[in-house]
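In the working numbering, the protein residues as written are 1 to 403.
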């Protein structure tokens with residue numbers, strides 16, 4: 001935290017001098033630095049203002065490289081704020097300039113931002129293409145920081161695609177391997193924030209195994225480096241680990257902290273994630289009214305920010321809450337909504353789970369033929385994605401149905 005405060009102090013002093021001496025070029029650079037520092041600590045509104053001011057100055061003086069840099073910075077802020085359409089547009093604008101002027105380092109940064117945007121909105125093929133192109137540039141130019149960022153992005157995509165047509169364990173092993181390579185590089189170049197990012201990606205790949213060590217190590221570094229965005233992600237992840245282990249009071253305390261932090265810094269997608277985590281926890285505790293309330297609030301945010309994957313996850317959760325409360329028709333409606341999105345974005349793992357839920361709901365409602373149709377599909381899809389437990393459940397229900 002001290003290093004960050006010192007950096008802010010020095011940048012602020014530099015900006016004061018540059019304004020006194022009418023150093024317009026220097027002002028553009030320093031404002032961009034201040035925007036970057038704001039992003040690191042979750043001060044997105046301030047970061048956006050700094051980046052916009054930097055962009056205005058750089059346009060006035062005709063600094064095309066600087067224009068692209070500030071535009072890419074705004075794209076990154078908008079990504080953090082879950083404004084994906086604007087983020088994508090800004091990143092493409094920056095990339096076009098950087099390619100035109102031959103700015104390889106800048107192009108790599110813009111491609112990295114585009115990869116993260118595409119991954120966040122479940123456009124995984126395009127995300128992988130952007131991340132791989134950025135990685136190729138970084139290796140050509142010797143940018144080791146950029147190389148580790150791109151390795152982590154590819155790890156993130158592999159982790160997400162554990163649910164999208166690849167066997168779960170294989171995809172998670174790939175993700176963990178990429179994260180470990182990035183971790184070694186970050187330690188070699190003494191990049192503490194990058195080290196925390198690597199540990200966080202590793203933690204996300206391993207959390208279903210109940211492994212919290214990487215998450216705790218990431219959280220320690222994030223606190224040291226004032227990375228509030230990262231803290232929100234890891235606190236939510238730790239809440240899920242404790243929930244799955246049945247440690248509900250600990251899970252509740254962690255997700256409550258995560259939600260408060262994410263709201264404070266304006267991370268709307270993160271807030272929706274934590275509301276959904278809270279809803280799932282309340283469902284486990286039998287508090288269906290609270291579970292529905294948190295889930296509905298999460299769903300509103302998903303709609304507003306066009307988070308399709310998150311929308312499907314929240315609809316699935318709401319379906320299960322209604323099922324637990326005995327509202328089977330309402331559960332059916334939400335599960336069908338989740339299934340439609342999962343089919344559209346290619347989420348085969350989620351689709352298999354939704355098919356199983358739909359089969360179970362149709363059984364309860366006495367619609368045996370519809371139940372059979374869903375369960376046959378569920379068994380096939382879950383077997384292909386490596387979701388053995390769900391495939392077995394579908395087969396058992398089919399055996400009882402046909403028995």
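Where a beta carbon is used, it is the ideal one built from N, C-alpha and C, also for glycine.
Would you give the residue range spanned by the alpha helix (DSSP H) that residue i belongs to?
{"i": "residue 285", "result": "Looking at the DSSP string, residue 285 is not in any alpha helix (DSSP H), and its letter there is neither H nor E."}
{"i": "residue 139", "result": "124-141"}
{"i": "residue 247", "result": "No alpha helix (DSSP H) contains residue 247, which DSSP labels as neither H nor E."}
{"i": "residue 98", "result": "84-101"}
{"i": "residue 392", "result": "388-402"}
{"i": "residue 306", "result": "Residue 306 -> no alpha helix (DSSP H), and no H or E assigned at all."}
{"i": "residue 200", "result": "192-206"}
Quick one: what does DSSP say residue i is sitting in, helix, strand or coil?
{"i": "residue 226", "result": "coil"}
{"i": "residue 365", "result": "coil"}
{"i": "residue 215", "result": "helix"}
{"i": "residue 348", "result": "helix"}
{"i": "residue 277", "result": "helix"}
{"i": "residue 62", "result": "coil"}
{"i": "residue 168", "result": "Residue confidence is low: residue 168 scores 45 on pLDDT, short of 50, so the model does not pin down where it sits. No coordinate-derived value is stated."}
{"i": "residue 232", "result": "helix"}
{"i": "residue 382", "result": "helix"}
{"i": "residue 146", "result": "helix"}
{"i": "residue 325", "result": "coil"}
{"i": "residue 22", "result": "coil"}
{"i": "residue 153", "result": "helix"}
{"i": "residue 121", "result": "coil"}
{"i": "residue 106", "result": "helix"}
{"i": "residue 81", "result": "coil"}
{"i": "residue 9", "result": "helix"}
{"i": "residue 46", "result": "helix"}
{"i": "residue 314", "result": "helix"}
{"i": "residue 32", "result": "helix"}
{"i": "residue 256", "result": "helix"}
{"i": "residue 267", "result": "coil"}
{"i": "residue 71", "result": "helix"}
Could you pull out every residue in the same chain whose Cβ sits closer than 6 Å to the Cβ of residue i, ignoring the five residues on either side in sequence?
{"i": "residue 407", "result": "Because residue 407 is not part of the residues shown, which for the chain are 1 to 403, the question remains open."}
{"i": "residue 408", "result": "With the chain covering only 1 through 403, there is no way to say anything about residue 408."}
{"i": "residue 26", "result": "18"}
{"i": "residue 396", "result": "none"}
{"i": "residue 323", "result": "331"}
{"i": "residue 399", "result": "none"}
{"i": "residue 337", "result": "315"}
{"i": "residue 251", "result": "239, 242, 243 and 281"}
Please return the same chain residues whose Cβ sits closer than 7 Å to the Cβ of residue i, not counting the five positions on each side in sequence.
{"i": "residue 294", "result": "275, 278, 279 and 282"}
{"i": "residue 212", "result": "238 and 241"}
{"i": "residue 107", "result": "95, 98, 99 and 137"}
{"i": "residue 150", "result": "112, 131, 134, 135 and 138"}
{"i": "residue 391", "result": "379, 382 and 383"}
{"i": "residue 228", "result": "41, 42, 261 and 265"}
{"i": "residue 147", "result": "135, 138, 139 and 185"}
{"i": "residue 313", "result": "276"}
{"i": "residue 403", "result": "none"}
{"i": "residue 325", "result": "288"}
For residue i, which residues from the same chain have a beta carbon less than 8 Å from its beta carbon, with the 5 sequence-adjacent residues on both sides left out?
{"i": "residue 335", "result": "315, 316, 319, 354, 357, 358 and 361"}
{"i": "residue 401", "result": "363, 368, 371, 372 and 375"}
{"i": "residue 140", "result": "104"}
{"i": "residue 16", "result": "none"}
{"i": "residue 45", "result": "266"}
{"i": "residue 215", "result": "199, 200, 203, 207, 234, 237, 238 and 241"}
{"i": "residue 296", "result": "318"}
Write down the C-beta distance between residue i and residue j rounded to the nearest angstrom, noting that I regard them as a contact closer than 8 Å.
{"i": "residue 234", "j": "residue 272", "result": "17 Å between Cβ atoms; not a contact."}
{"i": "residue 109", "j": "residue 307", "result": "Their Cβ separation, rounded to whole angstroms, is 24 Å, which puts residue 109 and residue 307 out of contact at 8 Å."}
{"i": "residue 203", "j": "residue 218", "result": "6 Å"}
{"i": "residue 152", "j": "residue 121", "result": "Contact flag wrong, Cβ pair sits at about 18 Å."}
{"i": "residue 35", "j": "residue 51", "result": "4 Å"}
{"i": "residue 157", "j": "residue 127", "result": "5 Å"}
{"i": "residue 8", "j": "residue 37", "result": "6 Å"}
Check your understanding: Are the segment 130-144 and the segment 107-115 in contact at 8 Å, needing three or more beta carbon pairs?
Key -> yes
Practice item. Check whether the segment 255-265 touches the segment 226-244, taking contact to mean three or more Cβ pairs, one atom from each stretch, closer than 8 Å. Key: yes
Exercise for review: Could you tell me whether the segment 84-92 touches the segment 50-59, where touching means 3 or more Cβ pairs closer than 8 Å?
Suggested key: no
**Study point:** contact_flag[the segment 282-291, the segment 263-274] where n(CB pairs < 8 Å) is 3 or more
**Key:** no
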